[in-house]
Amino acid sequence: EVLKFMAHYRFTADDLEYLKTCPSLKHCESEFFDEYLANIDCSQVTVRSMKQGSIAFPRVPLLIVSGPLGICNLIETTLLNLVNFPSLISTNASRMVDAAQAQLVNDKKPVCIEFGLRRAQGPDGGFTASKYAIVGGFVGTSNVAAGKMLDITVIGTHAHSYIMSFTGLDEVKDSALKKKGTEDSYQLFSLVLKYRKEHGAEHTNDSELAAFVSYAVAFPDGFLCLIDTYDTIESGLLNFIVVALALNDLGYVAKGIRLDSGDLGKLSLKVDQVFKEYAKKTKLSFFNKMNIVASNDINEKSLQALTKTGHAISSFGIGTNLVTCQAQPALGCVYKLVELNGTPRIKLSNDLVKVLIPGSKQVYRLYGEDGRPTKDFMTSEDEDEPKVGSPVMCRDPYKEEAFEEVKPTRVEKLHSVVWDKHNGVVINLPTVQDSKKLVEAGKESFHDAVTALTKAKAHPVCVSDKVFDELHRMWNEHKESTQKK
Numbered sequence: 005e006v007l008k009f010m011a012h013y014r015f016t017a018d019d020l021e022y023l024k025t026c027p028s029l030k031h032c033e034s035e036f037f038d039e040y041l042a043n044i045d046c047s048q049v050t051v052r053s054m055k056q057g058s059i060a061f062p063r064v065p066l067l068i069v070s071g072p073l074g075i076c077n078l079i080e081t082t083l084l085n086l087v088n089f090p091s092l093i094s095t096n097a098s099r100m101v102d103a104a105q106a107q108l109v110n111d112k113k114p115v116c117i118e119f120g121l122r123r124a125q126g127p128d129g130g131f132t133a134s135k136y137a138i139v140g141g142f143v144g145t146s147n148v149a150a151g152k153m154l155d156i157t158v159i160g161t162h163a164h165s166y167i168m169s170f171t172g173l174d175e176v177k178d179s180a181l182k183k184k185g186t187e188d189s190y191q192l193f194s195l196v197l198k199y200r201k202e203h204g205a206e207h208t209n210d211s212e213l214a215a216f217v218s219y220a221v222a223f224p225d226g227f228l229c230l231i232d233t234y235d236t237i238e239s240g241l242l243n244f245i246v247v248a249l250a251l252n253d254l255g256y257v258a259k260g261i262r263l264d265s266g267d268l269g270k271l272s273l274k275v276d277q278v279f280k281e282y283a284k285k286t287k288l289s290f291f292n293k294m295n296i297v298a299s300n301d302i303n304e305k306s307l308q309a310l311t312k313t314g315h316a317i318s319s320f321g322i323g324t325n326l327v328t329c330q331a332q333p334a335l336g337c338v339y340k341l342v343e344l345n346g347t348p349r350i351k352l353s354n355d356l357v358k359v360l361i362p363g364s365k366q367v368y369r370l371y372g373e374d375g376r377p378t379k380d381f382m383t384s385e386d387e388d389e390p391k392v393g394s395p396v397m398c399r400d401p402y403k404e405e406a407f408e409e410v411k412p413t414r415v416e417k418l419h420s421v422v423w424d425k426h427n428g429v430v431i432n433l434p435t436v437q438d439s440k441k442l443v444e445a446g447k448e449s450f451h452d453a454v455t456a457l458t459k460a461k462a463h464p465v466c467v468s469d470k471v472f473d474e475l476h477r478m479w480n481e482h483k484e485s486t487q488k489k
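Per my numbering, the sequence shown runs over residues 5 to 489.
Now the structure itself:
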């Protein structure tokens, strides 16, 4: 998104005419609009970036932007907008995937599906959430437009309203379906009634059963039903089973069920128990492989609670709490001037977290003997790159007594040029799947203690002696000048 924005950054004639009418710009000379703004673009800007999907820690820049002060200021808000929300969504999604996969279900890791479009902040926010949920580790989305535009898997079920639109079995009494792989047509409805009687399910809701029969005819290879419209266990589950048995006679394998209300953990365990009983009773192994999907305001905490109490959910459909980022609705990335005309600049604050580390920098990830990252290390741009096996002095940027000498077994440079002022975009743009794989590889590379969802161990972000000295020189100079005044 950032690179596309920079490639097309221009003020149109209409833009300029509008700006001339703004009261706050009335005093500006015509040359400001007709010469400066009319000709400005990103052809004098260079951007270095971490790869999309990289694991990032506080104080490590996501982007490093170099260029004339004017254009760098003009693009600030858009760059923050394009980086903040995607980074937040990907992080939120990644944490939810970790929470969902804290336990195996039938020897498999549960997966997460993005269901948030209807609750997202507008269609643009919905599209961005769908895209970056996949980057964070989700396996699919209910957003068909995102599926088309991004080549990502589209997954969904029917709505409660679909079930409620049926009134009785007469609506599907003539329902027929071709046996898989043939042109021979069979009465699916008759098979369903046969199994309904054989398995003592004649007390179930007729209109719900009619809806399931109709859905099976439309999607025989993707038969996954929402079973909680009326009574989850006594109606929905049994209606699903009798239709699944009928489909099996015609060569189709039902996919599973979805729960959207009630105690998801207890209900999933009961459903799984019934499926296993039917697998044993009918000697049909596909009942042991049924997908149990759960939705209904799922968030990171509820995922952790389900793991604690136990469940048999194989797929989580997560919407509102993913796309609105309930746990943290905004990511506080900032865009700060660190160097002007070759001179480091600093922003000071009584709040230590807001004290800026001055100067243009390079950032490296240092790896230890076990092959895992141990520190992120910032140097001035003109310093030599740390060498494998050579001592590296790593300092806490704010604590003079906190330092450590390490000998990295591997050194990874975290930023590379992605937008060159002479050539524009200089990388192959990553696909969603490329970025997703990078997230997965990055998470696997760190110690579990660093990526833990609770009580995570901090990953140190350190600086070189030169960066430390420059920070404290400028800091002390400011203190001294303030005291003199």
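Heads up, the beta-carbon is just placed ideally off N, CA and C, and yes, glycines get one too.
As the structure is a computational prediction, the values presented were derived from the model and not from experiment.
Taking DSSP as the reference, what is the three-state secondary structure of residue i?
i, result
"Q330", "coil"
"M294", "coil"
"M168", "helix"
"T413", "coil"
"T458", "coil"
"V338", "coil"
"Y40", "helix"
"Y402", "coil"
"R477", "helix"
"G151", "helix"
"S420", "strand"
"E21", "helix"
"Y190", "strand"
"E281", "helix"
Name the residue from the options whose alpha carbon lies nearest to the alpha carbon of residue i.
i, options, result
"K447", "R99, L66 and D386", "R99"
"G266", "L242, D235, I431 and L344", "D235"
"F223", "H203, S364, G260 and T233", "G260"
"T157", "V115, E202 and R477", "V115"
"M153", "Q107, T132 and D253", "T132"
"V148", "A104, Y13 and G120", "G120"
"D111", "D19, K293, A445 and C76", "K293"
"V429", "S47, Q366, E33 and E35", "S47"
"V49", "V422, E481 and A456", "V422"
"V109", "K358, S70, G269 and A214", "G269"
"D232", "V143, N77, A248 and T208", "T208"
"I350", "K483, L66, L92 and A334", "K483"
"S1", "R262, K403, D174 and T81", "The displayed coordinates of the chain run from 5 to 489. Any statement about residue 1 would go beyond what the structure contains."
"K55", "H451, I68, K358 and D45", "I68"
"N427", "L20, A42 and V51", "V51"
"G129", "T328, S384, V465 and G255", "T328"
Which residues bound the beta strand (DSSP E) around residue i?
i, result
"R399", "V396 to R399"
"L67", "L67 to S70"
"K379", "P377 to S384"
"G321", "S319 to I322"
"A180", "A180 to K182"
"S439", "Note, S439: premise wrong, no beta strand (DSSP E); alpha helix (DSSP H) at V436 to S449."
"T505", "Outside the shown range of the chain (5 to 489) lies residue 505, about which nothing can therefore be said."
"V467", "V465 to V467"
Within the continuous alpha helix (DSSP H) that includes residue i, where are the two ends?
i, result
"Q366", "Per DSSP, Q366 belongs to no alpha helix (DSSP H); it is in the beta strand (DSSP E), K365 to Y371."
"G346", "Per DSSP, G346 belongs to no alpha helix (DSSP H) and is neither H nor E."
"C76", "L73 to L78"
"D374", "Element bounds for D374: n/a, residue is neither H nor E."
"V359", "It is not in any alpha helix (DSSP H) - V359 carries neither H nor E in the DSSP assignment."
"V3", "This structure gives no information on residue 3, because the portion of the chain shown stretches from 5 to 489."
"S306", "E304 to T313"
Inside the segment 192–269 only - alpha helix (DSSP H) runs reaching at least 4 residues: 192–202, 210–222 and 242–253
Would you call the segment 298–305 in contact with the segment 317–330, where contact means no fewer than 3 C-beta pairs closer than 8 Å? yes
Quick test of the definition: if touching needs 3 or more C-beta pairs under 8 Å, does the segment 175–182 touch the segment 210–222? Verdict: yes, contact present.
What ranges does the beta strand (DSSP E) occupy inside the segment 57–143, keeping only unbroken runs of at least 3 residues that lie completely in it? Scanning the segment 57–143 from its first residue to its last, the whole beta strand (DSSP E) runs of 3-plus residues come out as 67–70 and 115–118.
So, do the segment 382–399 and the segment 415–422 have three or more beta carbon pairs nearer to each other than 8 Å? yes
Using 8 Å as the Cβ pair cut-off and three pairs as the minimum, do the segment 303–310 and the segment 276–286 touch? The answer is no - the segment 276–286 does not touch the segment 303–310, with fewer than three Cβ pairs under 8 Å.
Is the segment 390–410 touching the segment 458–477, taking contact as three or more C-beta pairs under 8 Å? yes
Say whether the segment 327–334 touches the segment 354–371, bearing in mind that this needs 3 or more beta-carbon pairs closer than 8 Å, one atom from each stretch. In the pairwise beta carbon analysis, the segment 327–334 is classified as not touching the segment 354–371: fewer than three pairs are separated by under 8 Å.
Any chance the segment 433–448 sits against the segment 135–147, with 3 or more Cβ pairs inside 8 Å? yes
Would the segment 57–67 count as touching the segment 34–44 if we require 3 or more Cβ pairs under 8 Å? no
Are the segment 242–259 and the segment 186–196 touching by the rule of at least three beta carbon pairs closer than 8 Å? yes
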